[in-house]
Structures are given as C-alpha cells and as structure tokens.
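Start counting the sequence shown at 1025; every next residue gets the next number (this note's numbering).
Note that beta-carbon positions come from the ideal geometry of N, C-alpha and C, so glycine has one too.
Given the structure is predicted, the values throughout are model-derived calculations rather than measurements.
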Amino acid sequence: MIDNSLLSKLSGIKEKFESLSQQLSEPSVMSDMKKYVSLNKEYRELEPLVEAGEKYKQMMGNLDSVKEMLMVEKDEEMREMAKEELAMLEGQIPIIEEEIKLLLIPADPQDTKNAILEIRAGAGGDEASIFAGDLFRMYSKFAERKGWKLEINSQSEGTSGGFKELICKVSGNGVYGVLKYESGVHRVQRVPQTETQGRVHTSAASIAVLPEADEFDIELNISDVRKDTFCSSGPGGQSVNTTYSAIRLTHAPTGIVVQCQDEKSQIKNYEKALAELRTRIYNLEYEKYLNEISAKRKTMVSSGDRSAKIRTYNYPQSRVTDHRVNYTMYNLPVFLDGAIQELIDQLQIAENAERLKESGQ
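See below:
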C-alpha cells in the first residue's frame, strides 16, 4: 500500500496541471493574450514535475508489488529476480525523490527568459578592454554551442582592441537561468601585449546579465520616452556617419538611457532599444529580489552585488577559478573557447543545495 506525503503533493499538482490544460483550450482565455501567455507559462513549468511525479508513482507501485511478491513467492528463481528489482528500485527512488523536491521549490520565474548581457572593461586600461573582448568571444562561442542567438545592441571599442563596453541580447531556451551566474567581476592575470618585461598584470571586466522583460511584464508609457536619433559610429559600411539610424531613448520617470546603433535600419534600432529599455525598467524591481536572496545564496551574490569578484582567469597556470564555489579548472584555452558549461553545472548544483536548505526539505 502506497502511503507517501510526496505523492499527495504530486496528486494536487497533477490536478492543477489538468485544470490549466482545460483553461488553455477555453475560447475566453485564448482571446485574452496576456492571460493565455501567463497560464501557458505556468502549464509548461509544471510539466516536468508532473512527468517526474508519474514516474515516481509507478516506481512506488512497483516497489509495493515486489515486496508483496517476496512475502508470498516460493520459487527461488522468481525470488532472486524480485530481489534484484527491489535493490534497483531502492537505489533509484531516493534519486527521483531529490529531483522532485528540487522541482517542488518555486524556481526563479525569470530563468526561462532571454537575457541582456553587458560586458564592461574595468581596471587595467587597454588590457581590460582586450579581456572584455575575450569574454565576449567566450560567450559568443558558448551561445553557438547552446544553439542560442546573440545580437549586439551597442558597442564601444577599445583603443588597442576588444571593447570598453558591449551590450547584446541573447535569445534561446532558458538563457537567463544559465547566464545569470556570470554576473560579477571577472579578473584576468596574464602578461599584457604591451608589457615589455614579461611581468604578469591583473586586469578586470564586469559582467551584468539581466532577464529580458517582455511586453506583458511592464506597462511602458511611450509618452514618458524621449527619442533621439544620431549617426552610427564604428563598423557598418557606407551608411556609418551618413544616416541618422542610431537611436537613443530616455525614460523620464527613471532617468534610464539606452541606445542602439548596430542595425542600419532606424526602425530595427528603435525596436531593439525599446526592448532593452523595457528590460532595464523591469530590472529595477527585480534587483530587490536579487538583494533578498544574495544574503542566503553565495552562488547568486554576484547578481545582488555586481562588484563581487567571482572568477579569476590565470594564464601562466592555464587556470580558471570560481571563488563562489571554490572550483578550479586547468583548461583555460578550452574554457575561453566557450566550454563553460561544466563550471555553470557546479554553480547550479551549489545553488540547488542552497535552495533545498532554504526550503527545509
């Protein structure tokens, strides 16, 4: 007989899941796009939990059947088979229970969103700009591996290469939930190209990752936004410095200013700038949430405090160290070529442990 408090929780979630499925097919919901998007998002978030719950329920049922068989079965061969299945189930059930406990903890609702990625050169002059360029290449390669799309909104190039500042949008499946761990100060230790005596210097670049706001997240009054046009600068062909295609938007209530000059079309630049402005306004509120959890989770402290030094890239030792989880890898060239998933996995494992501790499960 199955008697399990986890199963009763899962039963209630399945009922809610089925109710959402029914609501999504109702004409009144389908005609209300805002409501439909909200319910569909909730439905998709519950789907993996319902699937895991069904698998768990089946395993618990099999466990009861095997135990019952061992109580009544006399045939030794059948008993051996039942014992093997019992051992397998007793090994698998605790694993799926942990997975379900994690799924039961409310996830950050922003995790499924696209992201705005900001890279800024910090202390270190030209070398910091070159390092910012290296980081951009790293994230570009990582995005390729993940099948994500990366679009530059604006950039300011360094005098000796790289970027003083670069802002881009990364689109794909669960982008923010992965890239959010990258927010913070990244430090590099290497011999700069300009160094004649071979001394190792330390430079830095800061990364900020913001969940992109969609049109349903905030009410943006266009009358509060001042639009200015100006000539593009930098790479872009003959249209650079000849057409007023670049856009600068200023949001009067918050004072937030964004600009986009990467596209040759003024309309496209305006659309990208408006999306970024919406995201920055939305993140004023989201920042309060980050500050609340930063005290509890060292894995996320960088999002609440973007001055936190989170990672060191040491060229002489070919070493990458993440200071939040004290995890070190000795494959710097491969890491900078976009192979950063292993480290993100470690951060996710650490955060999951912290979330379980918070929930008391």
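The C-alpha of P1118 lies about 30 Å from the C-alpha of Y1200. Distance from the CA of E1243 to the CA of R1302, rounded to the nearest whole angstrom, comes to 9 Å.
Listed in chain order, the non-local C-beta contacts of R1272 below 8 Å within the same chain comprise K1251, D1252, T1253, F1254, V1281, V1282, Q1283 and A1297, local neighbours out to five positions each way being set aside. Residue burial is scored here from C-beta neighbours: L1371 has at least 16 other C-beta atoms within 10 angstroms and is therefore classed as buried. Checking the DSSP bridge columns, you'll see N1338 partnered with Q1213 and R1343. Unbroken alpha helix (DSSP H) runs of no fewer than 4 residues, entirely contained in the region 1139 to 1172, are found at 1150 to 1170, following chain order. Rounded to the nearest whole angstrom, the CA to CA distance from I1246 to N1293 is 16 Å. Y1205 sits buried, since 16 or more C-beta atoms from the chains shown fall within 10 Å of its C-beta. The alpha-carbon of L1190 is positioned some 8 Å away from that of F1160. Each of L1034, R1348, K1288 and E1050 was checked against the Cα of S1207, and the nearest Cα belongs to R1348.
As for any beta strand (DSSP E) of minimum length 3 sitting wholly inside the region 1034 to 1112, there is none. By a beta-carbon distance limit of 8 Å, L1128 contacts K1033. Their separation comes to about 7 Å. Taking G1196 as reference, the option from E1236, N1064 and N1355 with the minimal CA-CA separation is E1236. In this structure the region 1068 to 1082 does not lie against the region 1164 to 1183, because fewer than three pairs of beta carbons, one per stretch, are closer than 8 Å. Going by C-alpha positions, A1147 is about 19 Å away from V1344. If you draw a 10 Å sphere on the C-beta of I1373, you find fewer than 16 other C-beta atoms in it, and that means exposed. V1209 and A1229 have their alpha carbons spaced roughly 6 Å apart.
Secondary structure of A1228 (DSSP, three-state): strand. In this structure, the straight-line span from the alpha carbon of S1289 to that of A1270 is close to 8 Å. A direct Cα-to-Cα measurement between I1176 and E1311 gives close to 23 Å.
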